[in-house]
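The structure under discussion appears below in the form of structure tokens.
Number of protein chains: 2
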Amino acid sequence: MRTDLDATFAALADPTRRAILARLAAGEATVTELAAPFAMSQPAISKHLRVLERAGLISRGRVAQRRPCRLQAGPLREATAWLAEYRDHWAERYQRLDELLDELRAADDPGPRGGEAP
Amino acid sequence: MRTDLDATFAALADPTRRAILARLAAGEATVTELAAPFAMSQPAISKHLRVLERAGLISRGRVAQRRPCRLQAGPLREATAWLAEYRDHWAERYQRLDELLDELRAADDPGPRGGEAP
DNA sequence: ACTGTTTATAACCTCTCGGTTCAATAACCA
DNA sequence: TGGTTATTGAACCGAGAGGTTATAAACAGT
Chain E
192 MRTDLDATFA ALADPTRRAI LARLAAGEAT VTELAAPFAM SQPAISKHLR VLERAGLISR
252 GRVAQRRPCR LQAGPLREAT AWLAEYRDHW AERYQRLDEL LDELRAADDP GPRGGEAP
Chain D
192 MRTDLDATFA ALADPTRRAI LARLAAGEAT VTELAAPFAM SQPAISKHLR VLERAGLISR
252 GRVAQRRPCR LQAGPLREAT AWLAEYRDHW AERYQRLDEL LDELRAADDP GPRGGEAP
């Protein structure tokens, strides 16, 4: 089930790519501009950009030889929506209940810890 | 720079793991309960759970032989915070500006393509 | 037409990921 | 004690990620 979220989260999982997005938040930039601050080759950056593009997180124009990159908001909305679902629901509700139940259960059934094993 | 966000987003990038989290949102569950709906071996699920655990997205108890899993909210907050930064800022602001500039630029410089686009 | 700049491709390497199977551990049950 | 259940661990495999270097392609300027 290759959904969009797969590509989005996978793209965001790399620190270089998150840094590129951060850089792009200040406005569009060319490949060499984006590559400059990183200690890696330009083709490596091109690969990262391709990942970001296929995830829909950036789009690219064409100005002469340059391929300026700019951010794209769509996928982030999906991702945030997915996360918000959880952060709001169980973070507040089930979480505490489960922990309480767990404490009760632990008190009820002491278990085999301690020095009683031979 | 192995930050928390790396592990969090990487963990969320897999559909099986997201499904596991979705399942866990309804309350804690054991490994076999979690493995049941999936068409893969139970050790595979154990691996996924280990990924989720190391990302801090779940925590595990011990009840007899069972290792019940429950959700953990912390990392999701970080992730949402990171996403919100972008979704709010450039999604609304720079995005439209850049697109307008791009249209202007395209109209100004028709470029070397054969048939003029309608 | 040549030269330099910008970007993408190709080929390669290594490491991790997601999956498998088979075996080992841990705890309950009789 | 032995047997069953729940879970992890180890060894392995194929595919893909992330990096490299070297090369090609597109365009600008002279």
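Protein chains in written order, with the numbering used here: chain E, 192 to 309; chain D, 192 to 309. Note that CB positions come from ideal geometry on N, CA and C, so glycine has one too. For clarity, every value in this text was computed on a predicted model and none was experimentally measured.
Residues in its own chain within less than 7 Å of residue i by CB, not counting five upstream and five downstream?
i: Gln263(E); result: Gly247, Leu248, Ile249, Ser250
i: Phe338(E); result: Residue 338(E) lies beyond the range of chain E shown here (192 to 309); nothing can be said about it.
Alpha carbon to alpha carbon, what distance is there between residue j and residue i?
i: Pro266(E); j: Ala198(E); result: 9 Å
i: Arg258(D); j: Ala217(E); result: 46 Å
i: Lys238(E); j: Gln256(D); result: 46 Å
i: Ala220(D); j: Met231(D); result: 18 Å
i: Ala213(D); j: Arg253(E); result: 41 Å
i: Trp273(D); j: Thr207(D); result: 23 Å
i: Arg268(E); j: Asp205(E); result: 19 Å
i: Glu276(D); j: Arg209(E); result: 12 Å
i: Gln233(D); j: Ala226(D); result: 6 Å
i: Leu244(E); j: Arg278(D); result: It should be noted that the sequence gives Glu, not Leu, for residue 244(E). Cα to Cα, Glu244(E) sits roughly 17 Å from Arg278(D).
i: Leu240(E); j: Leu240(D); result: 31 Å
What do you reckon, are the CB atoms on residue i and residue j nearer than 8 Å?
i: Leu196(D); j: Cys260(D); result: no
i: Val222(D); j: Ile236(D); result: yes
Got a sec? Which residues, its chain only, sit under 6 Å from residue i by beta carbon, not counting five neighbours each side?
i: Glu224(E); result: none
i: Val242(D); result: Ala202
i: Ala298(E); result: With a pLDDT of only 46 at Ala298(E), under the threshold of 50, the placement of this residue in the model should not be trusted; the figure read from the coordinates follows. Closer than 6 Å at the Cβ level, and outside the excluded window around Ala298(E), lies no residue.
If I measure Cβ to Cβ from residue i and keep anything under 8 Å in the same chain, skipping five residues before and after, which residues do I get?
i: Pro228(D); result: Ala210, Arg214
Check your understanding: According to a CB-to-CB cut-off of less than 7 Å, which residues of the stretch 264-275 of chain E neighbour chain D?
Key -> Across the stretch 264-275 of chain E, CB contacts with chain D closer than 7 Å involve Ala264, Leu267, Arg268, Ala270, Thr271, Leu274, Ala275, in sequence order along the chain.
Exercise for review: With 8 Å as the C-beta to C-beta threshold (strictly closer), list the residues of the stretch 227-259 of chain E near chain D in chain order.
Suggested key: Those residues of the stretch 227-259 of chain E that come within reach of chain D (Cβ to Cβ, closer than 8 Å) are Gly252, Arg253, Val254.
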